[in-house]
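Trainee: Before anything else, here's the structure in question.
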Amino acid sequence: RLDTFIKCPRRYYYQYIKNVGKPKFFNEDNLEFGANLHEALQKYFENSPYKFNKDEFLQIYTNYEDTQLVLKNELFKIRLSKFEKEQNLHFQKGFSVWKCELKIRSEFNGLPIEGKIDRVDINGDEIWLIDYKSGNLDAQSLQLAFYEMLYLAEFHQEAKGRQTAWHRPHDRPCCPAQT
Numbered sequence: 439r440l441d442t443f444i445k446c447p448r449r450y451y452y453q454y455i456k457n458v459g460k461p462k463f464f465n466e467d468n469l470e471f472g473a474n475l476h477e478a479l480q481k482y483f484e485n486s487p488y489k490f491n492k493d494e495f496l497q498i499y500t501n502y503e504d505t506q507l508v509l510k511n512e513l514f515k516i517r518l519s520k521f522e523k524e525q526n527l528h529f530q531k532g533f534s535v536w537k538c539e540l541k542i543r544s545e546f547n548g549l550p551i552e553g554k555i556d557r558v559d560i561n562g563d564e565i566w567l568i569d570y571k572s573g574n575l576d577a578q579s580l581q582l583a584f585y586e587m588l589y590l591a592e593f594h595q596e597a598k599g600r601q602t603a604w605h606r607p608h609d610r611p612c613c614p615a616q617t
């Protein structure tokens, strides 16, 4: 929500304050795919915090994949080999999964705030907050900085945010440039 507000206060107003129905920029397929992916990854890492095995994950993922999104599922499976390699390099450095879908509530200047961190990995004193992205990445997003602040408030330890994506970064403003 914070990113929505920063990019386009008008969109934020109509979407979250006025609760206007789903606008035409809303892609329900991407949302559903992302939600399914998050659930499958959470289930996988609950039982395997020290490695990532593509074949084992796909056995879990088949229970979550939407059969109507055939092309998206197949493209995802192709990209999964790269994800497997990156994750195992990460785990070989000593990291392990501590928590998945960690919900943190805190307060900032008297206002309640909350966020759900996709995954928290730990290697000794080093803590990484992992944010999965199944859609486009925005290099100007403040989501990870927000998670870092929440984590610090809750656990009194600094953590570094990291994005793990299935697509290349893509910046496209939602609103016309403001003059």
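Add 438 to the 1-based position in the sequence shown for my numbering, that's all there is to it. Where a beta carbon is used, it is the ideal one built from N, C-alpha and C, also for glycine. Quick caveat: nothing in here was measured; it's all calculated off a predicted structure.
1) Can you name the residues that DSSP bridges to Thr602?
2) Would you mind listing the beta strand (DSSP E) stretches within the segment 466 to 553 that are 3+ residues and don't spill past its ends, in chain order?
3) In this structure, how does DSSP classify Phe464 when only helix, strand and coil are distinguished?
4) Given 8 Å as the limit, is there contact between the segment 508 to 516 and the segment 534 to 551, that is, 3 or more CB pairs closer than that?
5) Could you check how far apart the C-beta atoms of Leu582 and Gly599 are, in whole angstroms? I think they sit under 8 Å.
6) Taking the alpha-carbon positions, what's the Asp578 to Ile444 distance?
7) Identify the continuous alpha helix (DSSP H) that holds Gln622 and give its terminal residues.
8) For Thr602 and Lys571, which I take to be in contact (beta-carbon distance under 8 Å), what is that distance rounded to the nearest angstrom?
9) Taking 7 Å as the cut-off, decide whether the C-beta atoms of Ala597 and Ile565 are in contact.
10) Between the Cα of Lys481 and the Cα atoms of Val558, Cys538 and Asp576, which residue gives the shortest distance?
Mentor: So, from the listed chains and residues:
1) Tyr570
2) 534 to 546
3) Residue placement at Phe464 is flagged as unreliable, the pLDDT there being 46, under the threshold of 50; a coordinate-derived value is accordingly withheld.
4) They do not touch, by the three-pair rule.
5) 3 Å
6) Position check: residue 578 holds Gln in this sequence, whereas Asp was assumed. Spanning the two alpha carbons is a distance of roughly 10 Å.
7) Residue 622 is absent from the model: the chain starts at 439 and stops at 617.
8) 7 Å
9) yes
10) Cys538
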